[in-house]
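FYI, in the numbering used here the residues of the sequence shown are 220 to 793. First comes the structure, then the notes that go with it.
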Amino acid sequence: MRKTLSRIWAFSQKRHGAMLRALGFAFLRSVFGAFQLYAIMLTVGVLTGQTNAGNALPQVALCTGACVVGNFAASYLEQTAVMHTGFYMAADKRIELGGLLRQLPLGFFTSSSVGRITATLTTTLSGLETASVMTMVGIVSGLFNTVALFVFMLFLDLPLGLLAGAGMLVYIVVIGWQMALSHKNAPDLQAAQTRLADAALTFLQGIKVTKAFSVKNGDTALNEAIEGSRAANLRLTDRSMPSQFAAGLVIAGFESAILLTSVAGGAEAGHTVILLIFSFMVYSTLAQAGSMLSMIGMLESAISEVEELAQTPPLKTASQLRPLQDSGVEFDHVSFSYGSTEVLHDISLTIQPGTVTAIIGPSGSGKTTLCELVPRFHDVTRGAIRIGGVDLRELPEKELMAQVSMVFQQTYLFEDTVLNNIRIGRPEATENEVMAAARAAQCHSFIMALPQGYNTLIGEGGSTLSGGEKQRISIARAILKDAPIIILDEATSALDAENEREVLSAIAELTKNKTVIMIAHRLHTVQKADRIAALENGQLVQSGTPAELLEQEGIYRRFIEEKKSSIGWRLKNS
Ligand SMILES: Nc1ncnc2c1ncn2[C@@H]1O[C@H](COP(=O)(O)OP(=O)(O)O)[C@@H](O)[C@H]1O
Ligand SMILES: [Mg+2]
Numbered sequence: 220m221r222k223t224l225s226r227i228w229a230f231s232q233k234r235h236g237a238m239l240r241a242l243g244f245a246f247l248r249s250v251f252g253a254f255q256l257y258a259i260m261l262t263v264g265v266l267t268g269q270t271n272a273g274n275a276l277p278q279v280a281l282c283t284g285a286c287v288v289g290n291f292a293a294s295y296l297e298q299t300a301v302m303h304t305g306f307y308m309a310a311d312k313r314i315e316l317g318g319l320l321r322q323l324p325l326g327f328f329t330s331s332s333v334g335r336i337t338a339t340l341t342t343t344l345s346g347l348e349t350a351s352v353m354t355m356v357g358i359v360s361g362l363f364n365t366v367a368l369f370v371f372m373l374f375l376d377l378p379l380g381l382l383a384g385a386g387m388l389v390y391i392v393v394i395g396w397q398m399a400l401s402h403k404n405a406p407d408l409q410a411a412q413t414r415l416a417d418a419a420l421t422f423l424q425g426i427k428v429t430k431a432f433s434v435k436n437g438d439t440a441l442n443e444a445i446e447g448s449r450a451a452n453l454r455l456t457d458r459s460m461p462s463q464f465a466a467g468l469v470i471a472g473f474e475s476a477i478l479l480t481s482v483a484g485g486a487e488a489g490h491t492v493i494l495l496i497f498s499f500m501v502y503s504t505l506a507q508a509g510s511m512l513s514m515i516g517m518l519e520s521a522i523s524e525v526e527e528l529a530q531t532p533p534l535k536t537a538s539q540l541r542p543l544q545d546s547g548v549e550f551d552h553v554s555f556s557y558g559s560t561e562v563l564h565d566i567s568l569t570i571q572p573g574t575v576t577a578i579i580g581p582s583g584s585g586k587t588t589l590c591e592l593v594p595r596f597h598d599v600t601r602g603a604i605r606i607g608g609v610d611l612r613e614l615p616e617k618e619l620m621a622q623v624s625m626v627f628q629q630t631y632l633f634e635d636t637v638l639n640n641i642r643i644g645r646p647e648a649t650e651n652e653v654m655a656a657a658r659a660a661q662c663h664s665f666i667m668a669l670p671q672g673y674n675t676l677i678g679e680g681g682s683t684l685s686g687g688e689k690q691r692i693s694i695a696r697a698i699l700k701d702a703p704i705i706i707l708d709e710a711t712s713a714l715d716a717e718n719e720r721e722v723l724s725a726i727a728e729l730t731k732n733k734t735v736i737m738i739a740h741r742l743h744t745v746q747k748a749d750r751i752a753a754l755e756n757g758q759l760v761q762s763g764t765p766a767e768l769l770e771q772e773g774i775y776r777r778f779i780e781e782k783k784s785s786i787g788w789r790l791k792n793s
């Protein structure tokens, strides 16, 4: 428990002040609670004839009034402070994680990790936001109150106080048992919740396909995740039930014992009543703190999940500018593994500045992965990649990004105007420069035909445009950016013939006088490349000019032959 409380404390970082304020108000609330006790003692005194009613009445009224008003004010302030601490703490974490996410290698963001990150940033942090500070304050103030009441009780009646103390010890043992269970089950529940958020996201992203193809069991994963979350929740409840009941039983047992002891002891009525009220209060504050303790396991694993994300190592980048000789790209004995699976093996390839290199090879041979290493979506496992003679890892991120533009088969457009979507390429570009890039990318005429021209809002992900139009906008972006190295990954393979022609002429504009690495399937494009690199099973099996490779038996010749006999290489290798 101490460990979890100190983790919550550490987690709240900049919000320690607010947390202490909440604890302070909780303490104040207990002080006002004590007024109530005093009023009760006076009242019992009056009832048993020990105190004069006339003297006691104003004091009772004053104490009760102070208790009600003070309690209300302190509770109000405490709750506000608890909420504030929680909200700010979660906001701090979200901002911190947002900052971190920007520094992670892009290869980190696979579809599964995006689901997990989303779940952590929303569900998990929301849970911590509302529950962690409340639990912390509840436990600390509850324990403090219990101890204070207990000490008071010892003064009133030592034997009965000790009996109540014994009850508290037994209760704490039972609660310890409950906490151990909660610790054991919480990760299970946490994982089930993350899976649920992840599955819901995946389901929503794929809902078009699910509907369009009437995929029968398109929601199987989601249903399983819902079922899993339900089962995990029930398991947690089922398992914590016995210990919760046992805790209740301990309290009821010891309260009865105190009652019986005092009756049997023939103690005087007023004294007995007060003792009874005290013991009830001790146990009810203890039970309140105890019920909070069952949250501990949940909070612990939620914090672990957030911290795990927070500890993802960011991409190491240099801060010092290094002069680049040119825009040539050199792969020097590059190997790369996804996790423990090596998918690129010892690739050495030099790409001269201003030349076009076509990468060919069957599906899964590692073409995309090789290209993604250049803008550091992932870092090489062995070897090095150099641009203009400088290792990528020694380039500041900004500098690297300024050197490389990528155009993918899938493009992403933001929910913003067409103008701003192109301007992402170079934020300081003027409207005229944006339009010039759009013209070069064959976008201008279709943009002008949109309802508000360049100011038309594009739906999320570009949903309101056709595939070819989105592709051309992404090329306009790259033209505007004007980076010396251009990487094209099957930029035309998802397009129909009409669109393909326009995208090709946009690409011709984009790649003029640049160093180009392209993964391409069109015979024409590949034949016109300066050099060809052929990959197979993650190995570079051929490289040279098209004429050289035509002389050799190998992938390139097979590629040409297959194309010429118009067999759908593209279909097989999409
Ligand atoms: N994010 C990833 N995680 C794990 N393995 C991957 C990932 N992306 C690709 N791979 C694997 O790496 C190999 C090369 O894939 P890829 O570079 O996409 O090939 P290509 O572009 O030539 O089709 C394949 O075996 C593929 O399954
Ligand atoms: Mg690929």
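Even for Gly, the Cβ is constructed at its ideal location relative to N, Cα and C.
Same chain, Cβ closer than 7 Å to residue i, five either side skipped, listed in chain order
i                 : result
phenylalanine 251 : Ala285, Cys286, Gly289, Asn290, Ala293
alanine 621       : Ala702
isoleucine 666    : Val637, Ala657, Gly672, Tyr673
alanine 383       : Phe369, Met372, Phe473, Ile477, Ser498, Val501
leucine 568       : Phe550, Ala752, Leu759, Ser762
leucine 420       : Gly334, Thr337
alanine 648       : Arg642, Leu699
Proximal residues to residue i (C-beta, below 6 Å), its chain only, five neighbours per side dropped
i              : result
methionine 511 : Thr354, Gly357, Ile358
glutamate 652  : none
tyrosine 502   : Ile470
valine 352     : Val301, Thr304, Gly305
glutamine 255  : Cys286
Any non-hydrogen atom of ligand 1 closer than 7 Å to residue i Cβ
i             : result
tyrosine 775  : no
serine 762    : no
aspartate 582 : Here the sequence assigns serine to residue 582, which means aspartate is not the residue at that position. Flag set: Cβ of serine 582 near ligand 1.
glycine 585   : yes
tyrosine 557  : yes
threonine 600 : no
threonine 329 : yes
threonine 588 : yes
valine 562    : yes
Residue i versus residue j: straight-line alpha-carbon distance, rounded
i              : j                 : result
glutamine 571  : proline 703       : 12 Å
alanine 418    : leucine 592       : 29 Å
glutamate 780  : leucine 528       : 49 Å
threonine 429  : threonine 439     : 11 Å
lysine 403     : arginine 458      : 10 Å
histidine 740  : phenylalanine 422 : 32 Å
lysine 689     : alanine 431       : 22 Å
leucine 319    : valine 333        : 14 Å
leucine 639    : leucine 684       : Note that residue 639 is asparagine in the sequence shown here, rather than leucine. Their Cα atoms are separated by approximately 15 Å.
glycine 380    : serine 513        : 27 Å
alanine 338    : glycine 317       : 14 Å
leucine 239    : glycine 607       : 55 Å
leucine 266    : alanine 258       : 12 Å
serine 582     : proline 594       : 21 Å
glutamine 539  : isoleucine 227    : 38 Å
valine 301     : leucine 632       : 40 Å
valine 548     : threonine 587     : 16 Å
lysine 222     : glutamine 628     : 49 Å
threonine 329  : serine 401        : 32 Å
proline 406    : methionine 517    : 7 Å
threonine 734  : serine 784        : 31 Å
asparagine 732 : leucine 325       : 28 Å
Contacting residues, own chain, Cβ-Cβ under 8 Å from residue i (five flanking each side not counted)
i           : result
alanine 537 : Arg612, Glu613, Leu614, Pro615
alanine 466 : Tyr390, Val393, Ile394, Gln397, Ala506, Gly509
Residue i vs residue j beta-carbon contact at 8 Å
i             : j             : result
aspartate 708 : valine 575    : no
valine 599    : valine 553    : yes
histidine 564 : glutamine 758 : yes
tyrosine 307  : alanine 237   : yes
arginine 605  : aspartate 551 : yes
glycine 346   : alanine 521   : yes
alanine 253   : glutamate 297 : no
threonine 342 : glutamine 412 : yes
glycine 485   : glycine 264   : no
leucine 669   : glycine 687   : no
leucine 344   : proline 533   : no
Proximity test, residue i beta-carbon vs ligand 2 heavy atom, cut-off 7 Å
i             : result
aspartate 708 : yes
(request) Please specify which runs of the alpha helix (DSSP H), each continuous and at least 4 residues long, are wholly inside the segment 513-586, giving them in chain order. (result) Runs of the alpha helix (DSSP H) lying entirely within the segment 513-586 and spanning at least 4 residues, in chain order: 515-529.
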